[in-house]
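Same order as they appear, the protein sequences are chains W and H. Sequential numbering of the first sequence, starting at 1, is according to the UniProt record's numbering. Sequential numbering of the second sequence, starting at 1, is according to the UniProt record's numbering. C-beta: ideal position from N, C-alpha, C; glycine also. Here's the structure we're looking at; comments come further down.
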Amino acid sequence: MNQNFRMTSLLTYTLKNLPNTSKWALRFCMRPLSSSSQLQAAAASQTKSKKTLAKPNIRNIVVVDGVRTPFLLSGTSYKDLMPHDLARAALSGLLHRTSVPKDVVDYIIFGTVIQEVKTSNVAREAALGAGFSDKTPAHTVTMACISSNQAMTTAVGLIASGQCDVVVAGGVELMSDIPIRHSRKMRKMMLDLNKAKTLAQRLSIISKFRLNFLSPELPAVSEFSTSETMGHSADRLAAAFAISREEQDEYALRSHSLAKKAQDEGLLSDVVPFKVPGRDTVTQDNGIRPSSLDQMAKLKPAFIKPYGTVTAANSSFLTDGASAVLIMAEEKALAMGYKPKAYLRDFMYVSQDPKDQLLLGPTYATPKVLEKAGLTMNDIDVFEFHEAFSGQILANLKAMDSDWFAQNYMGRKAKVGLPPLEKFNNWGGSLSLGHPFGATGCRLVMAAANRLRKEGGQYGLVAACAAGGQVFSICFTCVTDKTSYL
Amino acid sequence: MVASRAIGSLSRFTASRTLRCSGYICRSFTRSSALLTRTHINYGVRGDVAVIRINSPNSKVNTLSQELHSEFMEVMNEVWSSSQIRSAVLISTKPGCFIAGADLNMLNSCTTSQEVTQISQEAQKMFEKLEKSTKPVVAAINGSCLGGGLELAISCQYRIATKDKKTVLGSPEVLLGILPGAGATQRLPKMVGIPAAFDMMLTGRGIRADRAKKMGLVDQLVEPLGPGVKPPEERTIEYLEEVAITFAKGLADKKITPKRDKGLVEKLTSYALSIPFVRQQIYKKVEEKVRKQTKGLYPAPLKIIDVVKTGIEQGSNAGYLSESQTFGELAMTKESKALMGLYRGQTQCKKNKFGAPQKEVKQLAVLGAGLMGAGIAQVSVDKGLQTILKDTTLPALGRGQQQVFKGLNDKVKKKTLTSFERDAMFSNLIGQLDYRGFEKADMVIEAVFEDLNLKHRVLKEAEAVIPDHCVFASNTSALPIGEIATVSKRPEKVIPDHCVFASNTSALPIGEIATVSKRPEKVIGMHYFSPVDKMQLLEIITTEKTSKDTTASAVDVGLRQGKVIIVVKDGPGFYTTRCLTPMMSEVIRILQEGVGPKKLDSLTTSFGFPVGAATLVDEVGVDVAKHVAENLGKEFGERFAGGSLEMLQQMISKGFLGRKSGKGFYIYQEGVKNKNLNSDMDSILASLKMPSQPDVSSDEDIQYRLVTRFVNEAILCLQEGVLATPTEGDIGAVFGLGFPPCLGGPFHFVDLYGAQKIVDRLRKYEAAYGKQFTPCQLLVDHANNPNKKFYQ
């Protein structure tokens, strides 16, 4: 209830400051009142739609534990590392945390987005470096911001189909260094030179050189299909849902405040310290910076200038970091004496229009995965949504709360319904903790699992949007609930 | 459709009302009664910003009509007199249209140039007041902002436009033979610089929002929004309004200045243009170019240059005066009347008067991947139509596919498409050599290679197979016998019953093709013009048996392909080919009489044809021309006689097929711009030389011999009922055959030039050459009764 009170005061504050958004703020304000009963209900699990999500003839798959390196603003302490160094740190941390014997691990999968070309299969390089058996295969997947979710669900697939019992899944991103290439013309010339046999041929190739060949080529920051950057899209999305700059700043402030609180209270237990070679040991995330609304209001729009609403303060920042989780078949985990943290249950990927609905995925995925699991919004005790931008989160919440949107775009009769904000990203989110693209997925799942244990809930739901208009969503159960062992 | 639109706007109105209620202060001044009577404009006040919303009732677009004009004045006077209002936003609530231009009916109802000048001066006064407004006015532009709409926008202090594909700014008046008559000739040069202003006003081209921003024509861009909690278009307009309000406030508070930073190049250009000598050079250059292009046939472009010049060199008072007077003069010219008629005709021919088809065509199949087939495929796939392109050999198919790709890729190079959109469009195209998937086709358009020998050969081949398998007869006219045999054994399974079979042929009667069909009501002709992606016209040919739904379906597909459509009755040569053929016959005679191809070309282009007559033969293809001439000659006999087909025959035997073979009357080489005469033609021309008749061989006579034969045949088509309306005749002639647009098409030409004069000409030539020039009855009727006009 303390939490509720805090939320209420926070949002009444919003109400005072934002007379224009009365309807919206009012809804938030009302929420704690109505949902306190839900919270109590959650404790008594007989009110849940279902007692367990276990399915006959399908193996139960559990997350034993998961860790991550501290997430740092890119260009800070990790700036001289390579991605596999970070991934290795996460793997070593996981080994240390779980004491899992290296030879038990059947398979390793990592997700990453912007690939370092030297280590394109970063999972393998990191695993070898972390001392895993060279007999353990490893592969790398990519699916934009949900790459490590893809790594985890790949693991689920391998275990469910009986191919493996123990899989490590993780993700890594190092935005401090990105592969900047020679231009296509330059590359072509260099490759042609390689093939040229005689001096005359070489000279004729070199004679075609022009100065503009030297202009470098950066990894694309924009959507390939629409040539629109994500920030730009987020700004348009916020405008489409009429979300004000103040609302966005307010939400970002919430994220930072909650993250700071969680950090101070030691709740972010998935973080493992990392001794960076040649530098001090990094022990905690460095992007959490609760500021004041006045300070945030001073920033200029970052994408749509000069009148946009998305700023540096209400967007997730470029981040370096890695994460890893240990996933096992339940019987294997129990046989090895582990007390797993959570069951991984129904999951779902959906995708939609990458132009206008690039970041609206959670709205689509949430009801679908709930339906698949046979749960309702009220059954969920813990929500962890990926926060790419404040505006994106708020747009999704508005979309979920709109009958019009549900009817016209989702083919539903009625709105999805709002996830109660007091169950939503309570330990901060990507806005404050940081968002290393490839590594965020595992962080979301571990945050949800740890929160379930800490807050005493049964069901958690994770949703994350990604470039290309794709989205991932998963439902899972906390293992502390004894009944689910039956 | 109209009903749903009305309901849509109604709900929009109520929705916006309830939402905005809190932010708005209701107007309760003495004028509130006037507020109720306003139909085009409503306005509210948000804080200290007046939001003026334009939405003309019962129309898809807003036009600057007299009522809108006066309502706008009324509202602006309230804005200026209210102490509470400090700035204003001007916006249209009509999706896809800010203001599409002045009301043409208003101009057409004027009978003297003075009246038109008066209209211009009133608009000038209003916009001058707007320009000098001490309270900043922001034009928030979403959708077309053309002509008078642009002139209104550039009189405002600030412009914000949505970066939507529909947002286009431009001064298309020149295309109607007039000039921007409400101050654009004076304001545009100051705003975007003299060269850019000339470009806009002389070409009439539409400018997309992002380019407009670079040019300084608009000050800010707003991205169109996607779905939110209401329809995207509606929310985009609302968002545009919100953004415009913040800028209006900023301007009133002097936090934003309407002046923009100019780049170095721009600064240098504007410096250079401050030197009178440089300006004179520019006027001269532009004038030269215009003279060369218009050949003195279009008065408007030169007048535009004059008026701009007057404004810059003699001050804006002189400029405005000259603008309004010239506007009045131009509106009364024959050219302008002809061009406006064409514009109206074009609008009419972009509607489907046959109603919506019972089944919308989703899957199209095109037979033959030649120039035509691939062109048809291109204009289909880029509108999202699933299209099968079928040919008989892989290389031929590959060429067709490459043509489609190149057409799309050129748009990527011009940045009107992204490479991703290109790829998505291109994947709508399925190239194949067999009939797989035809069972799902809703329409098959055959466009097999227009090679005469091949066509003859396969026609014969087809005729041998037809009796038993009649459904396929019509479209197998150009396919190898092997395939016909395999496919036609089970024709019913190959093409579904609702499938429309459309034939793309220029001269074969559709009726004849249909006789062998089991479903003649589903057979129709769709005559495209080459190059398909550039030529706007589509001639649809219906037989007596073609059903109305089949026609509706064909028109629907054509409209989706972006075509201007005329629907004509079946007959030899349909309408377009039939009009062109007698003219071509005359071309040959004139060449035989010793007029060189170059001279002939210059005579025809100086009359207003975009392509010279000899060049046209080369472009069409000598073999095709001969085939058509022979076919129609048989049908129509003496009326189509004139030159000797022997000339074409000899050209074909020497391989001079025109552009496609590299030689015709001219020599065509890759990469060479100036084409040279084909000297090998001299012997052919010499061998067929005929004596010319001096009294009908002056330059003017030669021009009129060509044009009157064309016009006479066109009118005969109307007389015989091949054409349903004169409008379609004009549109077909101008957009399909390049009939001089300044004459407005054969029917406008007769109306404006006078039927009697044309009959006189025809009688004169009839005396020299005989029946080919006998005027048709309908034309004679018009000559006998001066009150009779094709357009009332």
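Ranking H:R211, H:V61, H:V711, H:M215 by CA distance to the CA of G148 (chain H) puts H:V61 first.
In the DSSP assignment, D65 (chain W) is bridged to W:L326. Secondary structure in the segment 258–326 of chain H: the alpha helix (DSSP H) runs of 4 residues or longer, each lying completely within the stretch, are 264–273, 276–294, 299–314 in chain order. Neighbourhood of D294 (chain W) in chain H, by CB distance below 8 Å: empty, with the nearest CB roughly 19 Å away.
Rounded to whole angstroms, the gap between the alpha carbons of D434 (chain H) and L389 (chain H) is 10 Å.
A distance below 8 Å separates the beta carbons of G143 (chain H) and S92 (chain H). Among the residues of chain H, those whose CB is under 8 Å from the CB of F241 (chain W) are G228, V229, following chain order. Contacts with chain H at 8 Å (Cβ-Cβ) do not include W427 (chain W). Here DSSP, grouped into helix, strand and coil, assigns N676 (chain H) to strand. Counting every other CB atom within 10 Å of its CB across the protein chains shown gives Y78 (chain W) a total of 16 or more, marking it as buried.
Residues G111, V141, M143 of the same chain have their beta carbon placed closer than 6 Å to that of Q150 (chain W), with the five preceding and five following residues left out of the count. Not one beta carbon of chain W lies nearer than 8 Å to the beta carbon of Y158 (chain H).
DSSP places Y107 (chain W) in no alpha helix (DSSP H) but in the uninterrupted beta strand (DSSP E) bounded by 107–111. Not a single C-beta of chain H is nearer than 8 Å to the C-beta of K261 (chain W).
Among the residues facing chain W, T418 (chain H) is included, as its CB has a counterpart in that chain under 8 Å away. Sequence-distant partners of K350 (chain H) (beyond 5 residues in either direction) whose C-beta falls short of 8 Å from its own C-beta, in its chain, are L559, V564, I565. Taken in chain order, the complete alpha helix (DSSP H) segments of 4 or more residues contained in the segment 295–349 of chain W are 330–335.
With respect to chain H, the C-beta atom of Y251 (chain W) has no partner C-beta closer than 8 Å. About 10 Å separates the Cβ atoms of A369 (chain H) and L429 (chain H), ruling out a contact at the 8 Å cut-off. Along the segment 214–227 of chain H, going in chain order, the ones with a CB nearer than 7 Å to a CB of chain W are E223, L225, G226, P227.
Any Cβ of chain H closer than 8 Å to the Cβ of Y307 (chain W) would place that residue at the interface, and such an atom is present. In terms of beta-carbon proximity, F405 (chain W) lines the interface with chain H, with at least one pair separated by less than 8 Å. Short of 8 Å from the beta carbon of V404 (chain H), and not among the five residues preceding or following it, lie these beta carbons of its own chain, in chain order: A374, A377, Q378, V381, L389, F426, L429. Between the segment 96–105 of chain H and the segment 313–329 of chain H, the count of Cβ pairs shorter than 8 Å is below three; the stretches do not touch. Comparing alpha carbon positions, the residue from W:K261, W:N425, W:M230 closest to D356 (chain W) is W:M230. A331 (chain H) is positioned such that its CB atom lies closer than 8 Å to that of S113 (chain H).
Contact holds between the segment 426–434 of chain W and the segment 380–390 of chain W, because three or more Cβ pairs, one in each stretch, are under 8 Å apart.
With 16 or more neighbouring CB atoms inside 10 Å of its own CB, T136 (chain W) falls in the buried class.
With respect to the 8 Å criterion, D235 (chain W) and F303 (chain W) are classified as neighbours on the basis of their beta carbons. The C-alpha of P306 (chain W) is placed about 7 Å away from the C-alpha of K300 (chain W).
Interface with chain H (8 Å Cβ-Cβ cutoff): I393 (chain W) is excluded. Close to R235 (chain H), with beta-carbon spacing below 7 Å, are these residues of chain W in chain order: A240.
According to the DSSP assignment, I388 (chain H) belongs to the beta strand (DSSP E) that extends over 386–390. Annotation for Q592 (chain H): G643, S644, M647, L685, L688, K689, M690 place their beta carbon closer than 8 Å to its own, counting only its chain and skipping 5 residues before and after.
If you check the CB distance, K423 (chain W) and F472 (chain W) do not come in under 8 Å. Note on A447 (chain H): 16 or more other CB atoms within 10 angstroms of its CB, so buried under the neighbour-count rule.
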